[in-house]
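Line order of the protein sequences matches chains A and B. Numbering (UniProt numbering) for the first sequence: 1 to 153. Numbering (UniProt numbering) for the second sequence: 1 to 153. Note that beta-carbon positions come from the ideal geometry of N, C-alpha and C, so glycine has one too. All values reported here derive from a predicted model rather than from experimental measurement. In what follows, a single structure is set out as structure tokens and then discussed.
2 protein chains.
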Amino acid sequence: MSDVKGAEVKGAAALRATVAFNLGTLGALAADRFAARVEALGLKPKHAGLLAALDAGSAASQQELASRLGVAPSLIVALADQLQELGAVERLRDPEDRRRQVLTLTAEGRSLLARCADAAETVDADLTAGLTAAQRTALARHLRTLGEHHLPH
Amino acid sequence: MSDVKGAEVKGAAALRATVAFNLGTLGALAADRFAARVEALGLKPKHAGLLAALDAGSAASQQELASRLGVAPSLIVALADQLQELGAVERLRDPEDRRRQVLTLTAEGRSLLARCADAAETVDADLTAGLTAAQRTALARHLRTLGEHHLPH
DNA sequence: GCGTATCGTTCACAGCTCGAATGATTCAGG
DNA sequence: CCTGAATCATTCGAGCTGTGAACGATACGC
């Protein structure tokens, strides 16, 4: 980009100019703030991710959820245990394949998910406070585009 | 936002529509890819962050670096140890306050930082492959704006 | 000078996630 | 119908990261 001289050695400015670096840093910041908010609900961000996956796709096996969220199946067990304890999900043996546990959202689970969305929107309001409405929607749109390209859609 | 009905319960779609959620998810993805690339240099992302902080600001004490990076001072010790082992930084007692260790980048450190920037740019090319050049610069600009508002500048 | 505060360092510990082992269940094929 | 291979959920042990509480050394206010 900076072709003023061409001999300039890349430094901190070059790193900070990249999307990857800012995405990583701001992502950590957003994740922390989101985590702090959902903690009041007794949840961690991964719980919210699992709830969202359950609401988005149809009832799924734990294996499928694991690969969709990009985590080990053993982690799904722990997350589902805790969500079950909160009454947010139901675990039912699939009658057509009794090895599978089918997870489904309860009304309580949907309520929790809604409050997670509220938490995220609150964080949004704070994060994007310095942006105009137009910039905000443009940013949201670009991030969504990236997500659709690189995340299991 | 969606005031079409008002009775609709927020679900996964609402969560996925937020900047915070996408920022967190994509940030983790970007961080993973960046980590994979700098691993070949014997570094972790935090090392790159430290190098960048050293190149950006003037020579700083470890305490100052800790608060700038948002980590515990004890972690700076470990990071600086490893960077010193690689010949990337020099540790010198501040003659005006012999409690302080002043870290400075060596030529090797600047070279490593430049290669970290290269790695980030490579990740960028992959991440933003589905975007037009105009979208790419708009995204980078928005992220930078967010960073300047919320990170220690 | 003497107590207090600050810096860097070490160390033990908690949290998170994974991978390998296990048991139950299903399925393919003779 | 029976047997061996494959798949699912679960448990458990291990690795990695980062933190917070000590501790010694040094600086500073009074």
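Can you pull the chain A neighbours of residue i, defined as C-beta to C-beta under 8 Å?
i	result
Gln82/B	Under the 8 Å cutoff, chain A gives no residues; its nearest Cβ is about 18 Å from Gln82/B.
Lys10/B	Leu113, Ala114, Ala117 and Asp118
Counting only Cβ pairs nearer than 9 Å, list the residues of chain A close to residue i.
i	result
Pro152/B	Residues of chain A passing the Cβ test: none, with the nearest at roughly 11 Å.
For residue i, go through chain B and note every residue whose CB falls closer than 8 Å to its CB, in chain order.
i	result
Leu131/A	His142, Thr145 and Leu146
Thr128/A	Val19 and Leu146
Gly42/A	Per Cβ cutoff of 8 Å: no residues; Gly42/A is ~17 Å from chain B at best.
When you compare the CB of residue i with every CB in chain A, is at least one pair closer than 8 Å?
i	result
Glu121/B	yes
Ala20/B	yes
Ala79/B	In the sequence under discussion, the amino acid at residue 79/B is Leu, which differs from the Ala named in the question. False, the Cβ-Cβ gap to chain A never drops below 8 Å.
Ser2/B	Bear in mind that the predicted position of Ser2/B carries a pLDDT of just 47, short of 50, making it too unreliable to give a figure here.
Is residue i close to the ligand SAH? I mean its beta-carbon at under 7 Å from any heavy atom of the ligand.
i	result
Thr137/B	This structure simply doesn't include the ligand SAH, nor any ligand for that matter.
Answer yes or no: does any C-beta atom of chain B fall closer than 8 Å to that of residue i?
i	result
Gly27/A	yes
Lys55/A	Contrary to the premise, residue 55/A reads as Asp rather than Lys in this sequence. It does: the Cβ of Asp55/A has a partner Cβ on chain B nearer than 8 Å.
Ala30/A	yes
Arg110/A	yes
Leu50/A	no
Gly87/A	no
Leu15/A	yes
Arg23/A	Checking the sequence, you will find Leu at residue 23/A rather than Arg. Closer than 8 Å: yes.
Gln135/A	yes
Pro73/A	no
Pro45/A	yes
Val38/A	no
Taking residue i and residue j to be in contact with their CB atoms under 8 Å, please state how far apart those CB atoms are, rounded to whole angstroms.
i	j	result
Leu139/B	His142/A	4 Å
Gly27/B	Phe34/A	In fact, because the Cβ distance is near 11 Å, the residues do not count as touching under 8 Å.
Val38/B	Ala48/B	6 Å
Gln62/B	Ala80/B	7 Å
Thr145/A	Leu131/B	7 Å
Arg91/B	Leu103/B	6 Å
Ala78/A	Glu108/A	Their Cβ separation, rounded to whole angstroms, is 19 Å, which puts Ala78/A and Glu108/A out of contact at 8 Å.
Asp55/A	Leu113/A	6 Å
Leu86/A	Gly42/A	6 Å
Lys46/B	Asp118/A	Contact flag wrong, Cβ pair sits at about 32 Å.
Ala20/B	Asp124/A	5 Å
Leu29/A	Leu50/A	That pair is no contact at about 22 Å.
Arg100/B	Pro152/B	Wrong, their Cβ atoms sit about 19 Å apart, outside the cutoff.
Arg120/A	Leu15/B	Looking at the sequence provided, one finds Ala at residue 120/A rather than Arg. Rounded, the Cβ-Cβ distance is 6 Å, consistent with contact.
Ala22/B	Gly147/A	A small correction: the amino acid at residue 22/B is Asn; Ala does not occupy that position in the sequence shown. With a Cβ gap of about 5 Å, Asn22/B and Gly147/A count as contacting.
Can you pull the chain B residues whose beta carbon is under 7 Å from the beta carbon of residue i, in chain order?
i	result
Asp124/A	Thr18, Val19 and Ala20
His149/A	Gly130
Applying a beta-carbon distance threshold of less than 7 Å, which residues of chain A neighbour residue i?
i	result
residue 183/B	Residue 183/B lies beyond the range of chain B shown here (1 to 153); nothing can be said about it.
Starting from the N-terminal side, write out each stretch of the beta strand (DSSP E) that is 3 residues or longer and does not extend beyond the UniProt domain "HTH marR-type" (16 to 148) of chain B.
-> 89 to 94 and 97 to 105
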